[in-house]
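Worksheet: the structure to be examined is printed underneath.
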Amino acid sequence: MDIQVQGDLMEKIVSLCKRRGFIFQSSEIYGGFNGFWDYGPYGSMLKKAVEQLWWNEMVETRNNVVGLDSTIICHPKTWKASGHVDRFGDIMCDCKDCKTRFRVDQMPDPKTCTNCGSHNLTEPREFNLMMKTYVGPVFDEEHIAYLRAESCQPIFLDFNLIRIATRQQLPFGIAQIGKAFRNEITPRMFTFRSREFTQMEMEFFCADEGSMDWFNYWREQRVNYYKNKLGFRDDEIRLHPHDKLAHYAKAAVDIEFLFPFGWGELEGIHHRGTWDLSQHQKFSEQNLEYLDQATGKRFIPTVVETSVGLDRTILAIFCHAYCEDKAPTQKEGMDEDVRIVLRFPARIAPIQVAVLPLSKKLNEQAEMLQKKVSSYYRTELDVTGNIGKRYRRQDEIGTPFCLTYDFESDNDNAVTVRERDSMAQERVPIAELKKYLDNKIYGW
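For the sequence shown, position 391 matches number 390 in numbering that gives the first Met the number 0, and the numbering has no gaps at all.
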């Protein structure tokens, strides 16, 4: 029986991530660093696979979207123009008794300490989320810079350079994957709210006329991505339109996922109007207008944005994929046998194909097979423990296919392919493995 566990799912996921080398707290030997997380061997492979899936979806399969990889630190005026220096913050307060700090908007009762119940709280005050640093040898006000709070601003700065270099005409988009930093008051919910995180953003530049059509187009495209590429169910995701809009925005909607702790934002689709380019034109005193060759008109392009939190997406993938298969044992009186499985889509699984020799005597042949298969898929050679334990270990890291090289393989030039989800086994000739696995993993 396949059971999707919900009650203490977060605790189980955090434990599994640490045990199997997916994600663990940064600087753990020093007690950890709150709000910062390291991706281990399997986590980094999963993360890169999801990045590549998004990049392929948003850039490589489109003629009207190009890529950018910008610096983390921009000219300080960038954040003055964007409004982050003056208006990017949260309201916080402290409990004078237990010394706990809170974001006021996250407190059930802003007059009562959520931790100890005290009413002895400080007055609410604004806290800017930008992380400061210094550029150059002198640590003074003139040399202050900021770690970027979002990866989209460099896209606006480089808009004209990219447009000219790539000969793009409106409408077209610029996409970027990169780190962003926010000095969160209360990081929480594992990787859901961190101080250092990765964003995947695309800014789509168009004329104001028809811009709402593009907003609706990208909203539909992004919902389909979660359903068709990541396999999220209809009851796991929803659209949440913004009730309050920024003064420059025409529309905004969040794509939310149902985490164990409730609905949380995965991605925002925003109609940003001409605000960003207008602000940077004003502060830089550079002309960022677009000349429409057909009409001869000059105008500031309108922007429709899709902004994805990669770390949140990874967490949602874990919540969706985590399963416990339970089956009664053969012997009376014994507990149910539990198999923990991460049902990752095969395309993004950190290990897509594991090669398992049935005996140590077959390690050399299995290693040769693994090297051959690794030209096409993310692979691993697993030789430690009996075959049953190795299957379970591969289930826990989400490997969709295991190839068992046995004593018959030398004679029939075939291996036994074991499928993760059904545990079904099939004998497949080695010469036909690529065709077989391509169809299973990519649908080719």
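Cβ coordinates follow ideal geometry from the N, Cα and C atoms, glycine included.
How long is the line joining the alpha carbons of residue i and residue j, rounded to whole angstroms?
i	j	result
Asp336	Phe171	54 Å
Ile184	Met91	8 Å
Lys371	Trp443	20 Å
Ser150	Leu128	15 Å
Met106	Asp93	12 Å
Leu314	Lys110	32 Å
Gln3	Glu140	Confidence at Gln3 is low in this model, with a pLDDT of 44, below 50, so the placement of that residue is unreliable and no value is reported for it.
Lys17	Met9	12 Å
Lys296	Cys73	31 Å
Asp452	Ile440	In the structure as shown, the chain begins at 0 and stops at 443. Residue 452 is therefore absent and cannot be evaluated.
Tyr225	Ile347	13 Å
Thr77	Leu276	11 Å
Ser25	Val49	21 Å
Ile12	Arg392	15 Å
Leu290	Gln278	19 Å
Ser43	Gln292	45 Å
Gly39	Cys318	18 Å
Leu357	Asn63	50 Å
Ser283	Trp274	14 Å
Asn410	Asn385	23 Å
Arg19	His241	38 Å
When you compare the CB positions of residue i and residue j, do they come within less than 7 Å of one another, or not?
i	j	result
Val416	Glu425	yes
Phe180	Leu156	no
Leu45	Pro349	yes
Asn438	Leu287	no
Asp394	Arg419	yes
Tyr375	Lys433	yes
Thr305	Trp217	yes
Asp89	Arg100	no
Ile154	Leu67	yes
Met422	Met201	no
Ala444	Val134	This structure does not reach residue 444, given that the chain is present from 0 up to 443, and the question cannot be answered.
Gly272	Thr301	yes
Phe138	Met188	no
Thr190	Asp7	no
Ala353	Tyr404	no
Are there 16 or more other CB atoms within 10 angstroms of the CB of residue i, so buried, or fewer, so exposed?
i	result
Thr383	exposed
Met0	Because the pLDDT of Met0 is 33, which lies under 50, any placement of that residue in the model is unreliable, and the number read from its coordinates should be weighed accordingly. Label assigned to Met0: exposed.
Ser210	buried
His270	buried
Gln220	exposed
Leu341	buried
Phe28	A small correction: the amino acid at residue 28 is Ile; Phe does not occupy that position in the sequence shown. Classification for Ile28: exposed.
Met367	exposed
Ser193	buried
Pro399	buried
Asn363	Note on residue identity: the sequence assigns Glu, not Asn, to residue 363. Glu363 is exposed by the Cβ-count criterion.
Ala164	exposed
Thr121	exposed
Gly30	exposed
By the three-class DSSP mapping on this structure, what secondary structure does residue i have?
i	result
Gly272	strand
Ser306	strand
Cys205	strand
Ile2	With a pLDDT of only 41 at Ile2, under the threshold of 50, the placement of this residue in the model should not be trusted, and no figure is reported.
Trp443	coil
Met91	strand
Lys504	Any question about residue 504 goes unanswered here, given that the chain covers just 0 to 443.
Lys110	coil
Glu264	strand
Lys98	coil
Phe317	helix
Phe35	coil
Legend entry - Runs of alpha helix (DSSP H) lying entirely within the region 173-257, each at least 4 residues, in chain order: The qualifying runs are 210-227.
Legend entry - Start-end ranges of the alpha helix (DSSP H) lying completely within the region 344-402, minimum 4 residues: Correct list: 362-372 and 386-395.
Inset, instruction - Just list the alpha helix (DSSP H) runs in the region 122-175, keeping only unbroken ones of 4 residues or longer that don't cross its boundaries, in chain order. - result: With a minimum length of 4 residues, the continuous alpha helix (DSSP H) runs that stay inside the region 122-175 are 152-156 and 158-165.
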